[in-house]
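Shown next, in structure tokens, is the structure this report addresses.
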Amino acid sequence: MESVQQQTITITPKAAEKVAEFMKQEGNSGLYLRVYVSGGGCAGLSYGMGFEEKPDEDDKVIEQNGVKLLLDSYSQRYLKGANIDYIESLMGSGFKINNPNVTKSCSCGHSFSTE
Numbered sequence: 009m010e011s012v013q014q015q016t017i018t019i020t021p022k023a024a025e026k027v028a029e030f031m032k033q034e035g036n037s038g039l040y041l042r043v044y045v046s047g048g049g050c051a052g053l054s055y056g057m058g059f060e061e062k063p064d065e066d067d068k069v070i071e072q073n074g075v076k077l078l079l080d081s082y083s084q085r086y087l088k089g090a091n092i093d094y095i096e097s098l099m100g101s102g103f104k105i106n107n108p109n110v111t112k113s114c115s116c117g118h119s120f121s122t123e
């Protein structure tokens, strides 16, 4: 049996704090954060994130650190065990998805492929 960490996506407290900040800027703290995978990018697949007002019928809703994440059925298999973090450095800041399913990624960090 897989552990909960391997079955689902997680979000760090730092990333959750940043999401809450962005929701406040949007003027709606009740939004969901959709995390998805789509075809494209230099390695075949790429990540995307955006706010939604409500889940779709096939969405899995995961609540962690005060954030409600939405995963559509297509993205769930690619994001199993992934972790969303927020990185701040001299080179810039942004969300980073650490995904154990990735077998090859592009230097941009947003494009990847799996086996």
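For the sequence shown, our numbering begins at 9 and goes up steadily by one. Glycine included, every Cβ here is placed at the ideal spot set by N, Cα and C. As the structure is a computational prediction, the values presented were derived from the model and not from experiment.
Discussion item. Going by the DSSP bridge assignment, what does Gln72 pair with across the sheet?
Written reply: By DSSP's assignment, Gln72 forms a beta bridge with Val75.
Handout entry: Environment of Asp64 [buried if 16+ CB atoms lie within 10 Å]
Key = Asp64 is exposed by the Cβ-count criterion.
| request: Select from Gly56, Asn73, Arg42, Gly58 the residue whose C-alpha is nearest the C-alpha of Lys22. | output: Among Gly56, Asn73, Arg42, Gly58, the Cα nearest to that of Lys22 belongs to Asn73.
Kindly indicate which residue of Thr18, Tyr44, Glu61 has the alpha-carbon position closest to the one of Leu53. The alpha carbon of Leu53 has as its nearest neighbour, out of Thr18, Tyr44, Glu61, the alpha carbon of Tyr44.
Open item on the list: If I measure Cβ to Cβ from Lys26 and keep anything under 7 Å in the same chain, skipping five residues before and after, which residues do I get?
Closed with: Short of 7 Å from the beta carbon of Lys26, and not among the five residues preceding or following it, lie these beta carbons of its own chain, in chain order: Tyr94.
Lys62 versus Ser97, Thr20, Lys76, residue with shortest Cα-Cα distance:
The shortest Cα separation from Lys62 among Ser97, Thr20, Lys76 belongs to Lys76.
- Got a sec? Which residues, its chain only, sit under 7 Å from Asp67 by beta carbon, not counting five neighbours each side? The beta carbon of Asp67 sits closer than 7 Å to those of Leu78, Leu79, Asp80, all from its chain and outside the five residues before and after it, given in chain order.
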